[in-house]
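Residue numbers (the numbering used here): 16 to 449.
Reviewing the structure listed below.
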Ligand code: NAD
């Protein structure tokens, strides 16, 4: 099929590349000319493992192109995917400005029947509104489909090529058939449903995963007080198939461009119909507090942080991505600077993005390798569980630090590893060592 993806961010670019990989002719459109220029010269503007190779291959084979011009991309497409951002407004509601703009522009460029698919995460009812809006602007036939996206940054290519399930929300049989055909090479687990349920499946899924994380983090906080080990607890819980072991890793909480904004948006969606989503409000509150565990542990071990040198390992909200939107590292770094600590930070790929969005970046020392960030530090805080950090030699690390204090915000080191060192070791929901 001829496919057009509008928005070449994490979702649009990865999806476009992967759909070209399974044999479709794909055009990716973005209104950011810099991005389009980069893509046309073979530069991938985001860090996503495996994406560059696949992009180069499909470009070379003539199945994938990039443009900032919407009109040809719309006219040549059988199916148009909307993949632009839906960032949070100050109220927590999703900002639909970009999506409405794109729907408007598509309507004006249409020259025949199109299937218009929303991949962006949008509140329940948005696709019905888009349908009305487009219908008023064009006389050409079209159908609207909600196919929410579930890829995870860091494993986005794999998730797109091998999804757990594909949700197709539409009221129209012809569109459902086209979308089923399109997704068949990826999975046999295709669920067709109505548009509003599809929209809700996305929010409910993210809210449930966020709930699991906040739940295990609260269990971890209790474990610390009663002398239990949350990793043992989670392992025991996870063996129950009704519970499952995923998303039960205690730590400093979730971040990123999806969970924080989607939980806030769902609270708003409920509020708009006079329903107070009490459980989800608590999930969000627990998550906001959890990151400050790191500061509490630093104060517990060092006392006043003024003038203390603190190393930071990891700025991305999770490993294998350069995305720093709503990363816990932001507030942790701000707190450290407020306490007048001297901060030295390092991330394998996300430092540049972090610096762009962090107002006080001149107050921070930046290192280009992990050991340099830890050198002469009074304490080291691990905030992102990059593989590179897990592989560090703790004895060598201990030698270059001023004081061997390690705050492991992601529970990456084992008791056995730490016991062979002189580290004073604090993790989340596990007994202190040293
Ligand atoms: P992003 O911010 O990385 O990318 C959005 C892109 O859209 C940008 O490149 C921007 O330049 C482009 N854009 C904006 N307006 C445009 C216009 N009028 N015409 C053409 N291009 C335009 O966003 P993202 O992370 O890819 O997320 C997109 C949507 O998918 C959001 O609704 C998000 O909630 C959802 N989602 C994201 C993820 C994720 O892991 N990032 C996962 C699932 C769902």
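All residues carry an ideal CB built from backbone N, CA and C; glycine is no exception.
Keep in mind that this is a model prediction, so the values were computed, not measured.
Please classify residue i as buried or exposed, where buried requires at least 16 neighbouring CB atoms within 10 angstroms.
i, result
"residue 246", "buried"
"residue 315", "exposed"
"residue 77", "exposed"
"residue 51", "buried"
"residue 306", "buried"
"residue 138", "buried"
"residue 168", "buried"
"residue 221", "buried"
"residue 255", "exposed"
"residue 282", "buried"
"residue 287", "exposed"
"residue 195", "exposed"
"residue 128", "exposed"
"residue 20", "buried"
"residue 106", "exposed"
"residue 258", "exposed"
"residue 30", "buried"
"residue 112", "exposed"
"residue 242", "exposed"
"residue 425", "buried"
"residue 161", "buried"
"residue 368", "buried"
"residue 359", "buried"
"residue 347", "buried"
Sort the options by Cα distance to residue i and report the nearest one.
i, options, result
"residue 455", "318, 363, 293, 258", "Not covered by the structure: residue 455. The range shown for the chain is 16 to 449."
"residue 248", "49, 446, 34, 404", "446"
"residue 213", "190, 198, 136", "136"
"residue 54", "174, 190, 71", "71"
"residue 99", "132, 122, 295", "132"
"residue 372", "174, 399, 331, 354", "331"
"residue 421", "223, 139, 317", "317"
"residue 16", "444, 409, 67, 130", "130"
"residue 41", "74, 296, 122, 365", "74"
"residue 333", "181, 427, 66", "427"
"residue 231", "301, 241, 176, 211", "301"
"residue 79", "304, 282, 263, 39", "39"
"residue 355", "338, 346, 340, 323", "323"
"residue 200", "177, 403, 189", "177"
"residue 403", "321, 416, 384", "384"
"residue 352", "192, 280, 326", "326"
"residue 441", "394, 408, 435", "394"
"residue 448", "59, 244, 27, 35", "244"
"residue 216", "164, 432, 233", "164"
"residue 387", "366, 375, 361", "361"
"residue 181", "203, 189, 173", "203"
"residue 211", "142, 110, 63", "142"
"residue 81", "62, 27, 409, 405", "27"
"residue 408", "391, 392, 435, 418", "435"
"residue 67", "304, 313, 171, 238", "171"
"residue 189", "94, 166, 312, 150", "94"
"residue 405", "391, 415, 423", "423"
"residue 101", "151, 187, 279, 349", "279"
"residue 303", "146, 229, 155", "229"
"residue 339", "146, 140, 274", "274"
"residue 116", "89, 145, 103", "145"
On the premise that residue j lies in contact with residue i, defined as a C-beta separation below 8 Å, what is that separation, rounded to the nearest angstrom?
i, j, result
"residue 269", "residue 225", "6 Å"
"residue 185", "residue 159", "7 Å"
"residue 328", "residue 397", "5 Å"
"residue 18", "residue 92", "6 Å"
"residue 443", "residue 250", "Rounded, the Cβ-Cβ distance is 15 Å, inconsistent with contact."
"residue 157", "residue 125", "7 Å"
"residue 365", "residue 381", "That belief does not hold up - the Cβ atoms of residue 365 and residue 381 are roughly 12 Å apart, past 8 Å."
"residue 85", "residue 110", "Between residue 110 and residue 85 the Cβ distance is about 20 Å, and since that is not below 8 Å, they are no contact."
"residue 218", "residue 179", "With a Cβ gap of about 17 Å, residue 218 and residue 179 do not count as contacting."
Pull up the DSSP beta-bridge partners for residue i, would you.
i, result
"residue 158", "130"
"residue 436", "Looking at the DSSP assignment, residue 436 forms no beta bridge with any residue, so it has no partner."
"residue 423", "397"
"residue 326", "359, 395"
"residue 18", "41, 94"
"residue 448", "440"
"residue 380", "359"
Ignoring anything shorter than 3 residues, give me the beta strand (DSSP E) runs that lie fully in the region 176-220, in order along the chain. 181-184, 205-208
Can you list the beta strand (DSSP E) stretches of 3 or more residues lying completely in the region 36-111, in chain order? 40-44, 79-82, 94-97
Whole alpha helix (DSSP H) runs in the region 328-363 with 4 or more residues, listed along the chain? 343-353
May I have a chain-ordered list of the beta strand (DSSP E) segments no shorter than 3 residues that lie completely inside the region 230-280? Those beta strand (DSSP E) runs which fall completely within the region 230-280 and span 3+ residues do not exist here.
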